[in-house]
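In terms of full-length UniProt numbering, the sequence shown has 287 at position 287, counting the first letter as 1, and numbering is strictly consecutive.
Quick notes on the structure that follows.
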Amino acid sequence: MSISDVPGARTAPGEIDDQLLGTSPADEAADAARRERLLVPRQRTALGVAERAPAWQRTYVQKIVAVDALSAALAAFVGFFARFNGSPADLASTSGRAVVACAVLLPVLWVVAMGALRTYEPRFLGVGSEEFHRVLTAGLAVVALVGTSSWAFGLEIARGYVVVAFPIAILLTLVGRYSLRQQLHARRSRGEAGQTVVAVGHRAAVAGMARQLHRASYHGMRIVGACVPGGPGSAADDAELRELGIPVIGSLDDVRHAVTTVDADVVAVTACPELDGPGLRRLGWELEATRADLVVAPALTEVIGPRVAIRPVCGLPLLHVERPELEGVRRLAKTTVDRVSAGLALVVLSPLFLVLALAIKLDSRGPVFFQQQRVGKDGKSFPMMKFRSMVTDAEKLLIDLRESTDGNGVLFKMKVDPRITRIGRFLRRYSIDELPQLINVVRGEMSLVGPRPPLQKEVDEYGYDMRRRLLVKPGLTGLWQINGRSDLDWDESVRLDVRYVENWSFTFDFMILWKTAGAVLRGRGAY
1 MSISDVPGAR TAPGEIDDQL LGTSPADEAA DAARRERLLV PRQRTALGVA ERAPAWQRTY
61 VQKIVAVDAL SAALAAFVGF FARFNGSPAD LASTSGRAVV ACAVLLPVLW VVAMGALRTY
121 EPRFLGVGSE EFHRVLTAGL AVVALVGTSS WAFGLEIARG YVVVAFPIAI LLTLVGRYSL
181 RQQLHARRSR GEAGQTVVAV GHRAAVAGMA RQLHRASYHG MRIVGACVPG GPGSAADDAE
241 LRELGIPVIG SLDDVRHAVT TVDADVVAVT ACPELDGPGL RRLGWELEAT RADLVVAPAL
301 TEVIGPRVAI RPVCGLPLLH VERPELEGVR RLAKTTVDRV SAGLALVVLS PLFLVLALAI
361 KLDSRGPVFF QQQRVGKDGK SFPMMKFRSM VTDAEKLLID LRESTDGNGV LFKMKVDPRI
421 TRIGRFLRRY SIDELPQLIN VVRGEMSLVG PRPPLQKEVD EYGYDMRRRL LVKPGLTGLW
481 QINGRSDLDW DESVRLDVRY VENWSFTFDF MILWKTAGAV LRGRGAY
């Protein structure tokens, strides 16, 4: 029985609906437990339940605080000995005493600054770059504070100490937090340290959200119930949600009771006309007394980061969406960085290229490089270069292998492809065959990071959305590289490419390059 089917579901504040609780005289213990879970928000607040955070979350924050303090203490120690060259002979001087005081106080000041910049708030932890951005901002704020105080009070803190200790503190803090984040993601991949979610909206939107959360399990969100217009429907209506393991537990009027029933951590509202501004505002008021956070997924998807901002206009919180930066100074800077970096990489990797060329020649007859026409920016074709990893007559053999594809319906892929040479399997396993595309980057045909370079036959099947990827240069690596490569289905490939085009930034590129190394070493989807 759903919440919406229960008589008297709308209880007055401070009361408990006995019918909703379903009390049974034969089982008073179970009845008492249900009553505690279904207390209305005001009663739960009085008991302090609304402030309770998950145990894993409290422990995770405590670990971060400890890592921050330890990072600052270690940086202070290194800076101290760097300043005095291992022999603190001049500690009695004014500068020496100031350095000692700074070294002792730095861990405390560091943690206070991190707290002031809200780097310990759960919403910034575990995913995204906001946590690291705030850590960097807090670190620079501490540097500014120490420098200003030194000048204002004549503390004469040695510049050499500041130059050594504070950058080390920032670096160690970032590395420590990244390490803890990786541990958290590993726990979430095992189904631990997550957040339970009640999804609100139409069935199709809830199903789409569930699939996306499943693909990104490191976010730790798991939908445990859904509130949809009209509440539970027929078996056919709810079939898609049942296949995803999501029960429909109420209607749009039952969200508060659904949250208390399943003790949810998050209420996620999808684009839903029935929940207009006033309705959404009232829902937020009802959830204030519970421990559940309210998040709203707007109809505008795949647009994130600095392109989106809330701007109040005439009392209305308008969602302002900036245009994507497809041209201009930053794009010119990206091209410059791409070409210079690729040129330096070619110089450094030239000995490796010679070794690989010799190995390819000795392994099978044919050229060292393989060139294939791909489609680049604005639909212009270019010859993409790779190390040859297949036999020379691979295209002819493809005719007999098409029925054995393991691809996504558009791309031909085989996990065990008889056309691949012995050295070719090694090259593909670690994406080494892609390195000659650095030449394409130097020539300006490709970028270090971007959408996957498509074949012309793929472009011929593009819909309107997919053509967005042709607005930028294809990349040597990209979101497709760090999210499964050949294991991705076509729809997911489209989503990732469009997401990159819509949200390009130097920070985004750096994140993708950073994650590419791990993706290549794991080799998932490389065949």
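Here a beta-carbon is modelled for each residue, glycine too, at the ideal position from N, C-alpha and C.
Sub-9 Å separation of residue i and residue j beta-carbons
i      : j      : result
Lys377 : Val442 : no
Ala205 : Ala271 : yes
Trp110 : Ala69  : yes
Ser389 : Asp460 : no
Ala144 : Pro107 : no
Ser381 : Gln373 : yes
Ser189 : Met511 : no
Phe166 : Val142 : yes
Leu287 : Leu275 : no
Gln456 : Val391 : no
Arg307 : Glu502 : yes
Asp497 : Arg452 : yes
Ser493 : Trp514 : no
Phe369 : Pro273 : no
Pro122 : Gln57  : yes
Phe387 : Leu354 : no
Cut-off 6 Å between Cβ atoms - residues of its own chain near residue i, not counting five sequence neighbours on either side
i      : result
Gln195 : Gly220, Met221, Asp265, Val266
Asp238 : Val248
Arg311 : Leu318, His320
Leu346 : Leu438
Straight-line gap, residue i to residue j (C-alpha atoms, nearest Å)
i           : j      : result
Gly379      : Asn483 : 25 Å
Ser234      : Asp491 : 29 Å
Ile439      : Ser447 : 10 Å
Val40       : Thr260 : Interpretation of Val40 is limited by its pLDDT of 39, a score under 50 that renders its predicted location unreliable; no figure is taken from the coordinates.
Ala113      : Ala55  : 25 Å
Ile168      : Val200 : 45 Å
Gly277      : Leu318 : 12 Å
Ala216      : Leu352 : 35 Å
Trp186      : Gly366 : Before going on, a small fix: residue 186 reads as Ala here, not Trp. Rounded to whole angstroms, Ala186 to Gly366 spans 44 Å at the Cα level.
Ser150      : Ala66  : 27 Å
Gly478      : Gly450 : 5 Å
Ile3        : Ile246 : Because Ile3 carries a pLDDT of 46, less than 50, the predicted location of this residue cannot be relied on, and no value is offered for it.
Ala519      : Tyr178 : 17 Å
Lys63       : Asp417 : 47 Å
Val104      : Leu74  : 11 Å
Thr335      : Gly230 : 53 Å
Asp338      : Leu476 : 10 Å
Val295      : His202 : 16 Å
Gly315      : Ala309 : 15 Å
residue 612 : Arg469 : The structure shown does not extend to residue 612, since the chain spans only 1 to 527, so no value can be given for it.
Glu322      : Val146 : 37 Å
Glu297      : Tyr218 : The displayed chain sequence assigns Ala, not Glu, to residue 297. Near 18 Å, if we compare the C-alpha coordinates of Tyr218 and Ala297.
Leu521      : Ala116 : 38 Å
residue 528 : Leu280 : Because the chain here runs from 1 to 527, residue 528 falls outside it and cannot be looked at.
Glu458      : Ser350 : 33 Å
Ala236      : Leu213 : 23 Å
Val348      : Gly328 : 31 Å
Own chain residues within Cβ distance below 8 Å of residue i, not counting five before or after
i      : result
Arg331 : Glu325
Val198 : Ile223, Val224, Gly225, Ala226, Cys227, Ile249, Val255, Ala258, Val259, Val262, Ala264, Val266, Val267, Ala268, Ala292
Val78  : Val164, Ala165, Ile168
Leu174 : Phe132, Val135, Leu136
Met385 : Phe369, Phe370, Gln371, Pro436, Gln437, Ile439, Asn440
Cut-off 7 Å between Cβ atoms - residues of its own chain near residue i, not counting five sequence neighbours on either side
i      : result
Gly48  : Any reading at Gly48 must be qualified, since the residue scores a pLDDT of 38, below 50, and its modelled position is unreliable; the value itself is stated next. Excluding sequence neighbours, Gly48 sits near nothing in its chain.
Ile423 : Ala359, Ile360, Asp363
Thr119 : Glu131, Arg134, Val135, Ala138
Leu184 : Tyr60, Gly126, Ala193
Ala207 : Glu240, Leu241, Leu244
Ser71  : Ala169, Leu172, Thr173, Gly176
Thr421 : Asp363, Ser364, Ser389, Met390, Val391
Start-end ranges of the beta strand (DSSP E) lying completely within the stretch 283 to 332, minimum 3 residues: The qualifying runs are 293 to 296, 308 to 313, 316 to 321.
Unbroken stretches of the beta strand (DSSP E), 3 residues or longer, contained in the stretch 223 to 291: List check, beta strand (DSSP E) in window: 248 to 250, 266 to 269.
Three-pair Cβ contact test at 8 Å for the stretch 335 to 344 versus the stretch 443 to 463: Yes, they touch.
contact_flag[the stretch 421 to 430, the stretch 358 to 376] where n(CB pairs < 8 Å) is 3 or more: The answer is yes - the stretch 358 to 376 touches the stretch 421 to 430, with three or more Cβ pairs under 8 Å.
Cβ contact (3+ pairs, closer than 8 Å) linking the stretch 463 to 470 and the stretch 504 to 512: Three or more Cβ pairs closer than 8 Å define a contact, and the stretch 463 to 470 falls short of that threshold against the stretch 504 to 512.
Alpha helix (DSSP H) runs contained entirely in the stretch 448 to 485, provided each spans 4 or more residues: For the stretch 448 to 485, whole alpha helix (DSSP H) runs of length 4 or above, ordered along the chain, are 456 to 459, 479 to 482.
Completely contained alpha helix (DSSP H) runs for the stretch 173 to 224, where each covers 4 or more residues: Those alpha helix (DSSP H) runs which fall completely within the stretch 173 to 224 and span 4+ residues are 203 to 215.
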